[in-house]
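Here's the structure we're looking at; comments come further down.
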Amino acid sequence: MELHGGLPPVLSVPIAALLAAYLAIYPGLFALFLQQAVRRFGPAGIWLTPLLWVAGEWLRGTVKPGFPWVLLGTSQATVQPVIQLASVVGVYGVSAFVAAVSTAAVALTMSSRAMRQAAVVALVAGVGIVAWGSWRVADGALLERGEPVRVGIVQGSIPQEQKWDARFSRDIIDRYLSLSRRVIADGAELVIWPESSTPFPFDTNSAMAEPIRLLAARAQVPFIIGSDRSEPGAPGEPGRYYNAAVLVGADGQSRQWYHKMRLAPFGEYVPYESLLFFVGPLVEKVSSFTAGTEAVVFDADGRRVSVAICYESIYPDLARRFVEQGSALLATITNDAWFGWSSAPYQHFEQAAVRAVEQGRYVVRAANTGISGAVDPYGRVIARTPLFEPVALTVDVRLLTERTIYSRIGDVVVWCGLVPAAWLAATLVLEWRRRPTRRP
Numbered sequence: 073m074e075l076h077g078g079l080p081p082v083l084s085v086p087i088a089a090l091l092a093a094y095l096a097i098y099p100g101l102f103a104l105f106l107q108q109a110v111r112r113f114g115p116a117g118i119w120l121t122p123l124l125w126v127a128g129e130w131l132r133g134t135v136k137p138g139f140p141w142v143l144l145g146t147s148q149a150t151v152q153p154v155i156q157l158a159s160v161v162g163v164y165g166v167s168a169f170v171a172a173v174s175t176a177a178v179a180l181t182m183s184s185r186a187m188r189q190a191a192v193v194a195l196v197a198g199v200g201i202v203a204w205g206s207w208r209v210a211d212g213a214l215l216e217r218g219e220p221v222r223v224g225i226v227q228g229s230i231p232q233e234q235k236w237d238a239r240f241s242r243d244i245i246d247r248y249l250s251l252s253r254r255v256i257a258d259g260a261e262l263v264i265w266p267e268s269s270t271p272f273p274f275d276t277n278s279a280m281a282e283p284i285r286l287l288a289a290r291a292q293v294p295f296i297i298g299s300d301r302s303e304p305g306a307p308g309e310p311g312r313y314y315n316a317a318v319l320v321g322a323d324g325q326s327r328q329w330y331h332k333m334r335l336a337p338f339g340e341y342v343p344y345e346s347l348l349f350f351v352g353p354l355v356e357k358v359s360s361f362t363a364g365t366e367a368v369v370f371d372a373d374g375r376r377v378s379v380a381i382c383y384e385s386i387y388p389d390l391a392r393r394f395v396e397q398g399s400a401l402l403a404t405i406t407n408d409a410w411f412g413w414s415s416a417p418y419q420h421f422e423q424a425a426v427r428a429v430e431q432g433r434y435v436v437r438a439a440n441t442g443i444s445g446a447v448d449p450y451g452r453v454i455a456r457t458p459l460f461e462p463v464a465l466t467v468d469v470r471l472l473t474e475r476t477i478y479s480r481i482g483d484v485v486v487w488c489g490l491v492p493a494a495w496l497a498a499t500l501v502l503e504w505r506r507r508p509t510r511r512p
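For the sequence shown, position 199 (counting from the first letter as 1) is numbered 271 according to this note's numbering, and the numbering increases by one without interruption.
Below, the structure written as structure tokens:
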């Protein structure tokens, strides 16, 4: 907020603390409900831990502004036998699994024989899940299915302070065109540029867009390009401004647009702006994007490809919506330059990898400053780029159409957690209302 939002430390530090305090509400509610469960059911109440934890995670990602960053289940993104569970119950189910293992470890320390026996059963079940996950990865059936396609991923590595400086616009486009020619020469059948890769709205600056259209037409290769898009409003109403992706066909024409639906709080809009009146400078710096409403799946010469823009890749339900609409390949375009050399680019990449397992799809990722790359439908990294280096990367993936169990049933585990959480919340409210009123 200080570096990119223009706020002084005297404001940015309290706002960051306020965000941390808000996010702390959800583990706080988990602890409160778990305490109530133990009061109601005795030590056996701790077995509600996995479901209550998942309910809290889901609420954190759903209640506005929504921030499902680094759910507990994503800690298993690189643990291949465990993360396969996401293909059945999604990332929330993996969160419940991790919490269940911890619960079993606690139960083993208790004096109750029944609790220890239940813990052993839970741990044996966990071993079974890991064994199944190992078999699924070794089987690798998805790697032999679907139409193969070579994708060119372009990582421009444009410094954030240069992206919107008009003096660098031509140099930025020249760099992206040069890298695109390299992936095309390497046989790319589809070229993907990162989020907001053009330093201008693509459809309103024909002179700057023309070299891109010419390259697509001459190579006869479709492009997916991240670009802002503006639309005029009705008479007397303000226009709309979108963070978007455009499909440029093999003829060089704009074929389809996708408007980002899940906007990043404090990055693309300020939630509860009327209450947070003191962040005016941040509002002016961020501008206010309009959220899209349609899960558009691009048709790139018969190849059905969806695009999650930046922050959207951490939402499991959005990837599921794309697959329901027929997406055979999940693409993510992002600009992680904001995160610098922190752990965030690595976390962001691994969260996108979990989407691959959940949906049984390859994921290709183009990031302005990295990490770009590709992940197979078992969550294994096919290729990944270093941070802050211009890279032209080609990867061979497959277009898959079969749907996983999770893709079909959705977040059943979440609903299993919300039911006991709602019941415990109701019991707490009733107890509070029944407390005798103290008279002076």
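We put the beta carbon where it would ideally sit given N, CA and C, even for glycine. This structure is a prediction, so every number in the text was calculated from the model and none was measured.
Glutamine 234 beta carbon less than 9 Å from that of threonine 457: Between threonine 457 and glutamine 234, the gap from beta carbon to beta carbon reaches 9 Å or more.
Is the beta carbon of proline 99 sitting closer than 9 Å to the one on glycine 489? No, they are not a contact pair.
Figure out for me which residue from Pro153, Thr181, Ala176 and Phe105 has the closest Cα to the Cα of tryptophan 204. Looking only at Pro153, Thr181, Ala176 and Phe105, the smallest Cα-Cα distance to tryptophan 204 is reached by Pro153.
Cβ distance (whole Å) where valine 469 is taken to contact valine 255 below 8 Å: So it is not a contact: roughly 14 Å between Cβ atoms.
Since proline 388 is in the alpha helix (DSSP H), which residue starts that stretch and which ends it? Residues 388-396.
Which first and last residues belong to the alpha helix (DSSP H) in which alanine 92 is found? Where alanine 92 is concerned, the enclosing alpha helix (DSSP H) stretches over 81-113.
Please identify the residue among Gln431, Leu262, Ala260 and Phe272 whose C-alpha is closest to the C-alpha of arginine 239. For the options Gln431, Leu262, Ala260 and Phe272, the alpha carbon positioned closest to that of arginine 239 is the one of Phe272.
Identify every residue that forms a DSSP beta bridge with glutamate 219. According to DSSP, which records beta bridges pairwise, glutamate 219 is partnered with Leu471.
DSSP beta-bridge partners for glutamate 543? The structure shown does not extend to residue 543, since the chain is modelled only from 73 through 512, so no value can be given for it.
What residues in its chain sit with their C-beta under 7 Å from that of leucine 215, if we drop five residues either side in the sequence? Around leucine 215, the same chain offers Asp448 as residues with beta carbons nearer than 7 Å, after the five sequence neighbours per side are excluded.
Could you name the residues that DSSP lists as bridge partners for aspartate 371? Per the DSSP secondary-structure output, aspartate 371 pairs in a beta bridge with Arg376.
From the DSSP output, in three-state form, read off glycine 200 for me. The three-state reading of DSSP puts glycine 200 in helix, counting H, G and I together.
Collapsed DSSP secondary structure at glutamate 303 in the structure displayed: Note: glutamate 303 maps to strand in three-state DSSP.
What is the rounded straight-line gap between the Cα of glutamate 309 and the Cα of serine 360? Approximately 15 Å between the Cα atoms of the pair.
Extent of the continuous beta strand (DSSP E) run through arginine 312: Note, arginine 312: beta strand (DSSP E), 312-320.
First and last residue of the uninterrupted alpha helix (DSSP H) at serine 174: 158-180 is the extent of the alpha helix (DSSP H) around serine 174.
What does the Cβ neighbour count give for tyrosine 478, buried or exposed, with the cut at 16 atoms within 10 Å? Tyrosine 478 should be labelled buried.
Phenylalanine 113 classed as buried or exposed, judged by whether at least 16 other C-beta atoms fall within 10 angstroms: With fewer than 16 Cβ atoms within 10 Å of its Cβ, phenylalanine 113 is classed as exposed.
Roughly how many angstroms lie between the CA atoms of leucine 157 and alanine 494, to the nearest whole one? About 26 Å.
Alpha carbons only, please: which of Ser444, Val395 and Ile386 is nearest the one belonging to isoleucine 481? Comparing Cα-Cα distances from isoleucine 481 to each of Ser444, Val395 and Ile386, the minimum goes to Val395.
Could you check what DSSP says for glycine 482 in three-state terms: helix, strand or coil? Of the three classes helix, strand and coil, the one that applies to glycine 482 here is coil, per DSSP.
Aspartate 300 classed as buried or exposed, judged by whether at least 16 other C-beta atoms fall within 10 angstroms: By the neighbour-count rule (16 or more Cβ atoms within 10 Å), aspartate 300 is buried.
Are there 16 or more other CB atoms within 10 angstroms of the CB of aspartate 408, so buried, or fewer, so exposed? Counting C-beta atoms within 10 angstroms of its own C-beta, aspartate 408 has 16 or more neighbours from the protein chains shown and is therefore classed as buried.
Closest Cα partner of leucine 249 within the set Gly224, Asp237 and Pro231: Out of Gly224, Asp237 and Pro231, Gly224 has the C-alpha closest to the C-alpha of leucine 249.
Excluding the 5 residues flanking arginine 217 on each side, which residues of the same chain have their C-beta closer than 8 Å to its C-beta? Spatial neighbours of arginine 217 in its own chain (CB-CB distance under 8 Å, excluding positions within 5 residues in sequence) are listed in chain order as Arg470, Leu472 and Glu474.
State the DSSP-derived secondary structure class of leucine 465, mapped to helix, strand or coil. For leucine 465, the secondary structure class from DSSP, reduced to helix, strand or coil, is strand.
Classify threonine 276 as helix, strand or coil using the three-state DSSP reduction. Residue state, collapsed to three classes: helix.
Rounded C-alpha distance that separates leucine 143 from glutamate 422: One C-alpha to the other measures close to 11 Å.
Quick check: the region 78-87 against the region 125-136, are at least 3 beta-carbon pairs closer than 8 Å? No, the region 125-136 is not in contact with the region 78-87.
Would threonine 476 be called buried (16 or more neighbouring beta carbons within 10 Å of its own) or exposed? Classification of threonine 476: buried, given that the 10 Å Cβ count is 16 or more.
In the DSSP assignment, find the alpha helix (DSSP H) that holds isoleucine 244 and state where it starts and stops. 241-257 is the extent of the alpha helix (DSSP H) around isoleucine 244.
With a threshold of 16 other CB atoms inside 10 Å of the CB of valine 178, please say whether the residue is buried or exposed. By the 10 Å Cβ count, valine 178 comes out exposed.
Mapping the DSSP letters down to three states, classify arginine 427 as helix, strand or coil. Reduced to three states, the DSSP call for arginine 427 is helix.
Can you tell me where the alpha helix (DSSP H) with valine 154 in it begins and where it stops? Following the DSSP letters along the chain, one finds valine 154 inside the alpha helix (DSSP H) bounded by residues 152-155.
Can you tell me where the beta strand (DSSP E) holding glutamine 234 begins and where it ends? Run containing glutamine 234: none in the beta strand (DSSP E); it sits in the alpha helix (DSSP H), 232-235.
Rounded to the nearest angstrom, what separates phenylalanine 370 and glutamine 328 at their Cα positions? The alpha-carbon separation between phenylalanine 370 and glutamine 328 amounts to approximately 7 Å.
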